[in-house]
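A short worksheet on the structure shown next.
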Amino acid sequence: MLIGGVLVITRKNAVHSALALIVTLLAQAAIYLMLYAPFVAGVQIILYAGGIMVLFLFVIMLVSIERTEKERQFNKQWLVGIVAAGALGGLFITVYSKGQSIFPDRALPIAEAQNTQVVGTMLYGQYMFAFEIASLLLLVAIIGAVVMAKKRI
Amino acid sequence: MTDPNTLSPPSLETHVAAHDDTFLDTNELVINMGPQHPATHGVLRVILRLDGEKVLGLECVIGYLHRGVEKIAENRTYTMFNPYVDRMDYVAAVSNGLGYCEAVEKLLSVEAPPRAQYVRVILTELNRITSHQLWLGTHALDIGAITPLFYTFRDREEVLKIFEKYCGARLTTHAFRIGGLQYETYNGFEQEVKNFLNFFRPKIDEYEELLTTNRIWVERTRKVGVISGEDCIALGVTGPVLRASGVKWDIRKAQPYANYKNFDFEIPTGQNGDTYDRYLVRMAEMRQSVRIIQQAVEGIPEGPIMAKVPKVMKPPVGEVYHSIEAPKGELGYFIVSDGSTQPYRVRVRPPSFVNLQALDMMCRGQLVADVIAVIGTLDIVLGEVDR
Amino acid sequence: MGQIIQYIQSYLRTKDLTPGAAGNVFWALVYIMLVFAGLSVAVIAMNWLERKILAHMQVRLGPMRVGPHGLLQPIADALKLLLKEDIIPAEADALVFWVAPFIVVLAAFTVFVVVPFGPTHAITDMNIGILFMLGVSSLSVLGIVTAGWASNSHYPLIGALRSSAQMVSYEVAMGLAVVSAILMTSLNAEGTGTLSMIGIVQAQQAQAEWFIFKFFPLGLVAFAIFAIAMVAETNRAPFDLPEAESELTAGFHTEYSGFRWSLFFLAEYSAMIAVSSIAVTLWLGGWLRPFPALHGPSITIAHVWPPADPTAPTGALDFVLALFPGLTFLFLAGMCFYSTVRMPKHPFFRIQTIGLAGFGAALALIGLILFWPPVRDRVGDIYWFSAKVAAFMYLYIWYRGTFPRYRFDQLMKVGWKILLPIGLGVLILTATVALLQTIWHL
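Residue numbers (the working numbering), protein chains in the order written: chain A, 999 to 1151; chain B, 170 to 556; chain C, 11 to 452.
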């Protein structure tokens, strides 16, 4: 996953970056599997790697890339970048070391085979409202995209 | 040459905006369906001006098959030119021969004897069937139905066998002579023609079963390439294209030749002028041809097959225009004679050439995939377009 | 050494687990090899079958020269493709050009990890089996897009984008149809369904009917939606506009020649078999024989029936249907012998005649082995599954010979405006009927 992430930001060619991003997302699906969350892993592959990345690639391929290849790969303000990355890293380390009690230290007592059922029950039971709001948000985004791209309604 | 930028929009309600106001850049694309393309039925070059997928206009570039046939005619005697006319519409060679022979007969003021005329009608209608069969196979192939091609070509073989037995050739038959026929019908000609008719009648039903009610076929051909009757008449389009737009005009009925008066048949017409109607009209025409052949083969009179025509033909000075209903439309011959053995001018009015002009109007506002369907439905043969 | 043998034999003693579930790496590898080999044979057979069946539908004969009745034609094709010059277009990105067929083949073959040929005859049984299959088959879209782009040419790129747009659109309809089938798996005593492929077939076995007949006509409509969507998903006729020859935009694999093209073609047939496997598992009862609940009267034939396993059913219908695998191979052998007799007697054909007779003899031998009780009892599941998938392959070829092509906008219209609403409707109705059944019949 780390290699994939590094490749994403270092490749000049946008399509190479997109392919590296796909590798990163697949690695993330594997991490989900290791956390005993097979449903989320499966959905990650279907939606992220198989849907969203396809759309990324569509856009990258339809927009001319000769222009972007000539641009500088890295920003001139590398000092500010290092400071920001260092601050973020420090934040992560602080949270990890001080907040050990928040993170679970063993797998949840739900059998892995029941993972899909549990996710479904919680999604449609406890988090029903958030689920509906999220789908409405997606609907608004779709309609907005169609309105912007369509010539005549 | 028509310039796609300047033609006015056709009489359809699909108004194609020349300039749109969104901030997304839509550029017009000019692409070339080159002379070599699996679907242009010969060497036809079509330059398309597209807006995304929609066709804004197109221009046909022809002439890749031009052989100077009309110029050659000025240096051949009338009899010597007869084989050349087969090579124009090489799919329906018999019709070409019929038109030319009748035109010269008109110039010479002779008429072929009745027996010759009956046999001419039989062979010409058989050729109409084979021409429509070839059209059906290739048109279906362009739209994606790959099987009817093999069925139609298998059934065409029976007719080509009859042609071969009669005049020795399958494609460029040179079947007729000025004044009648050269060859007497062979033994068993009538029986073989009747066998073919019995063999063929269920075959038309077979072709229709594959396509006519097939939802995908209907969706690909309905409302595709619409042209109205008035536009057809204005452009000079004839043949099944004209009849599918609702105009009931068939030269076999309007200005009968080769004693078509003696036969009882109908003229199928369509209503909408789209590709589906042209398909239905051509299928119905095949059935009517079967009807004509049935009547002709049952009533072939006895008699001579050749009229009294001089060996060295020197028609009187004058000009004649004679047109027949070829499978593709009105095929006309305009022959000017200056009294010598060679014509002064032979001008051929090929139906495909005139029909091809309608391609621009029929394709405006359609999608790119429909252009191929429309080229197929016009049933053009480049040999005829270019001569 | 003894430990290795112990390890190998430990799996054979477990009863109800696939190698993956049992954690036995050796047997999992063996199964992987078997599935891979079987798939390769199936793809080769599909190549020959497609050309022959399509030809016969078109009043032609198809390949007849290479081997008797063209049986060696796929091998000739494979040799030709391997020996062709490997052309990479100039200015094309060599890495991406190389990677693209690799992605497609990878996606197409990985899917078979969860395909169940029997209750324990799968490489593994993930509890998200169907989700995994749908996800990995959607990865092949990426391969197609990169293939089109890597060709560095305008037309393949447009063809690739169209092809992938089509595949993504029909994945939605496929997903809805799949969900309504999954709904039906939850109609059991515990009230929980399952996403695992083997679990789905076992649910059909427990409910004693194939899901295609359940809640008639809802199962049938869902199956029909999936059947249409799967043809569009694999870019086959009548949805093959992006790769048709007589259209303006050439397909995404235009610039690929030789071995690379054969990889795409391999992946296409594997994808066809994969989605057919999904359809068979979800609606047609997977490895279950027809009429899984009917057994007929119990009969006994000396030394032949009932089978050795005491838990296996012993009815007359079971016996008749257990003979089917052997009978199928004997039938095929009979066709071979019939064709051998009708071969021309010219000495030129001697080798082909002998070859065909040998092939027929091999098929007959396999058929006879399949009658032998120890083999007969174990092979039934695999046979029924393969027979159903083979029926789907025939349907694919039949569609290709019969239907004209959809135009691209009509294709998208069918996917979004027809299949999607019907799929939603079927899903809602299935859920309602299932809920009513649970409430009233408990």
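Ideal Cβ positions, reconstructed from N, Cα and C, are used throughout, including at glycine.
Residue-chain proximity (Trp304 (chain B), chain C), Cβ-Cβ < 8 Å: Taking the second sequence and counting its residues from 1, one reaches residue 304 (chain B) at position 135. Chain C contact via Cβ: absent.
Residue-level contact to chain C via CB, Val543 (chain B), 8 Å cutoff: Here the question's residue 543 (chain B) lines up with position 374 in the second sequence. False, the Cβ-Cβ gap to chain C never drops below 8 Å.
Contact the stretch 123-130 of chain C vs the stretch 168-180 of chain C: 3+ CB pairs below 8 Å: no
Cβ-based burial, Trp159 (chain C) [other Cβ within 10 Å; buried from 16]: Taking the first residue of the third sequence as position 1, residue 159 (chain C) is located at position 149. Buried: at least 16 other Cβ atoms inside 10 Å.
Burial state of Arg386 (chain C) (16 or more Cβ within 10 Å): Translated into positions along the third sequence, residue 386 (chain C) becomes position 376. Buried is the call here.
Boundaries of the beta strand (DSSP E) in which Val489 (chain B) is found, first to last residue: Numbered from 1 along the second sequence, position 320 holds the residue referred to as residue 489 (chain B). It spans Gly487 to Ala495 - the beta strand (DSSP E) in which Val489 (chain B) sits, taken as one unbroken run.
Same chain, Cβ closer than 7 Å to Tyr426 (chain B), neighbours up to 5 away in sequence not counted: Start at 1 with the first residue of the second sequence, and residue 426 (chain B) comes out as number 257. Excluding sequence neighbours, Tyr426 (chain B) sits near Glu271 and Ile493.
Own chain, CB closer than 7 Å to Phe434 (chain B), minus 5 neighbours either side, in chain order: For the purposes of this step, residue 434 (chain B) is taken as residue 265 along the second sequence, with counting starting at 1. Correct list, in chain order: Gln457, Arg460 and Ile461.
Contacts of Trp159 (chain C) in chain A (Cβ-Cβ under 9 Å): Within the third sequence, residue 159 (chain C) is the residue found at index 149, counting from 1. Here the neighbours are Val1013, Leu1055, Ile1058 and Met1059.
Residue-level contact to chain C via CB, Asp194 (chain B), 8 Å cutoff: The residue you call residue 194 (chain B) lines up with position 25 of the second sequence. Because the pLDDT at Asp194 (chain B) is just 46, under 50, the model does not fix this residue reliably, and the value given afterwards should be weighed accordingly. No, no contact with chain C.
Against chain B: residues of the stretch 413-424 of chain C by CB proximity under 8 Å: Of all residues in the stretch 413-424 of chain C, Phe413, Pro414, Arg415, Tyr416, Arg417, Phe418, Asp419 and Gln420 have a Cβ within less than 8 Å of some Cβ in chain B.
Counterpart residues of Tyr502 (chain B) in DSSP-defined beta bridges: As a working note, residue 502 (chain B) is residue 333 in the second sequence. The partner list for Tyr502 (chain B) (beta bridge, DSSP) reads B:His491 and B:Val517.
Uninterrupted alpha helix (DSSP H) stretches inside the stretch 149-186 of chain C (no shorter than 4 residues): 150-160
Partner residues on chain A for Ile138 (chain C), Cβ-Cβ distance less than 7 Å: What you label residue 138 (chain C) is simply residue 128 of the third sequence in a count that begins at 1. The answer, in chain order, is Pro1036, Phe1037, Gly1040 and Thr1114.
Proximity test, Cβ basis, 8 Å: Leu1017 (chain A) and chain C: Your numbering for residue 1017 (chain A) matches position 19 in the first sequence. By this cut-off, Leu1017 (chain A) is an interface position.
Neighbour-count burial assignment, Ile291 (chain B), 16 or more Cβ in a 10 Å radius: Start at 1 with the first residue of the second sequence, and residue 291 (chain B) comes out as number 122. Ile291 (chain B) is classed as buried because its beta carbon has at least 16 other beta carbons within 10 Å across all chains shown.
Contact residues within the stretch 381-400 of chain B, judged by C-beta distance below 8 Å to chain C: Cβ contacts with chain C: Asn383, Ile385, Trp386, Glu388 and Arg389.
Ser278 (chain B) - DSSP class collapsed to helix/strand/coil: Taking the second sequence and counting its residues from 1, the one referred to as residue 278 (chain B) is at position 109. Under the three-state reduction of DSSP, Ser278 (chain B) is assigned to coil, being neither helix nor strand.
Beta carbon proximity, Gln176 (chain C) to chain B, threshold 8 Å: Reading the third sequence from its first residue, position 166 is the one you call residue 176 (chain C). Chain B contact via Cβ: absent.
Pair within 8 Å by beta-carbon distance, Gly72 (chain C) and Ala117 (chain C): Locating residue 72 (chain C) in the third sequence gives position 62, counting from the first residue. Locating residue 117 (chain C) in the third sequence gives position 107, counting from the first residue. Not closer than 8 Å, so no.
Cβ pair count under 8 Å reaching 3, the stretch 234-250 of chain C against the stretch 182-191 of chain C: yes
CB contact check: Val1052 (chain A) to chain C, cutoff 8 Å: As a first step, residue 1052 (chain A) is located in the first sequence; it is residue number 54 there, counting from the start. For Val1052 (chain A), the answer is yes, since a Cβ of chain C falls inside 8 Å of its Cβ.
Buried versus exposed call for Phe226 (chain C) [16 or more other C-beta atoms within 10 Å across all chains shown]: Along the third sequence, read from residue 1 onward, the residue named residue 226 (chain C) stands at position 216. Using a 10 angstroms sphere on the CB of Phe226 (chain C), the tally of other CB atoms stays under 16, which defines it as exposed.
Through-space distance from Phe522 (chain B) to Tyr266 (chain C), alpha-carbon basis: In the third sequence, residue 266 (chain C) corresponds to position 256, counting from 1. In the second sequence, residue 522 (chain B) corresponds to position 353, counting from 1. Their backbone Cα atoms lie some 39 Å apart in a straight line.
Range covered by the alpha helix (DSSP H) that runs through Glu471 (chain B): Reading the second sequence from its first residue, position 302 is the one you call residue 471 (chain B). Where Glu471 (chain B) is concerned, there is no enclosing alpha helix (DSSP H), because DSSP gives it neither an H nor an E.
Proximal chain C residues relative to Ala1047 (chain A), where beta-carbon distance stays under 7 Å: As a working mapping, residue 1047 (chain A) is identified with position 49 in the first sequence. By Cβ distance, chain C contributes Leu149.
For Thr191 (chain B), three-class secondary structure by DSSP: Here residue 191 (chain B) refers to the residue found at position 22 of the second sequence. Legend: pLDDT at Thr191 (chain B) = 42, less than 50; position of this residue unreliable, value from coordinates given subsequently. Correct three-state label for Thr191 (chain B): coil.
Ser180 (chain B) classed as buried or exposed, judged by whether at least 16 other C-beta atoms fall within 10 angstroms: What you label residue 180 (chain B) is simply residue 11 of the second sequence in a count that begins at 1. Caution applies to Ser180 (chain B), whose pLDDT of 36 falls short of 50 and renders its modelled position unreliable; the model cannot decide the point.
Reduced DSSP secondary structure (H/G/I, E/B, other) of Thr1008 (chain A): Sequence index remark: in the first sequence, residue 1008 (chain A) carries index 10 (1-based). DSSP places Thr1008 (chain A) in helix when its eight states are reduced to three.
The stretch 370-378 of chain C touching the stretch 395-411 of chain C, judged by at least three CB pairs closer than 8 Å: no
Arg410 (chain C) - containing alpha helix (DSSP H), residue span: Locating residue 410 (chain C) in the third sequence gives position 400, where the first residue counts as 1. Counting along the chain, the alpha helix (DSSP H) containing Arg410 (chain C) begins and ends at Pro383 to Thr412.
CB contact below 8 Å: Ile312 (chain B) versus chain C: Counting from one through the second sequence, the residue named residue 312 (chain B) turns up at place 143. For Ile312 (chain B), the answer is yes, since a Cβ of chain C falls inside 8 Å of its Cβ.
Reference Glu499 (chain B); option with closest CA among B:Met452, B:Val505 and B:His491: For this step, residue 499 (chain B) is matched to residue 330 along the second sequence. It is B:His491.
Same chain, Cβ closer than 7 Å to Cys336 (chain B), neighbours up to 5 away in sequence not counted: Along the second sequence, read from residue 1 onward, the residue named residue 336 (chain B) stands at position 167. Counting only Cβ-Cβ distances below 7 Å, and skipping sequence neighbours, we find Thr342, His343, Ala344 and Tyr352.
Cross-chain neighbours of Ile1043 (chain A) in chain C, by beta carbon under 8 Å: Mapped onto the first sequence, residue 1043 (chain A) falls at position 45. Near Ile1043 (chain A) (Cβ distances below 8 Å), the residues of chain C are Phe142, Gly145, Val146, Ser148 and Leu149.
Integer Cβ distance of Val1006 (chain A) from Thr1022 (chain A), believed to fall under 8 Å: For the purposes of this step, residue 1006 (chain A) is identified with residue 8 of the first sequence, where counting begins at 1. For the purposes of this step, residue 1022 (chain A) is identified with residue 24 of the first sequence, where counting begins at 1. Rounded, the Cβ-Cβ distance is 6 Å, consistent with contact.
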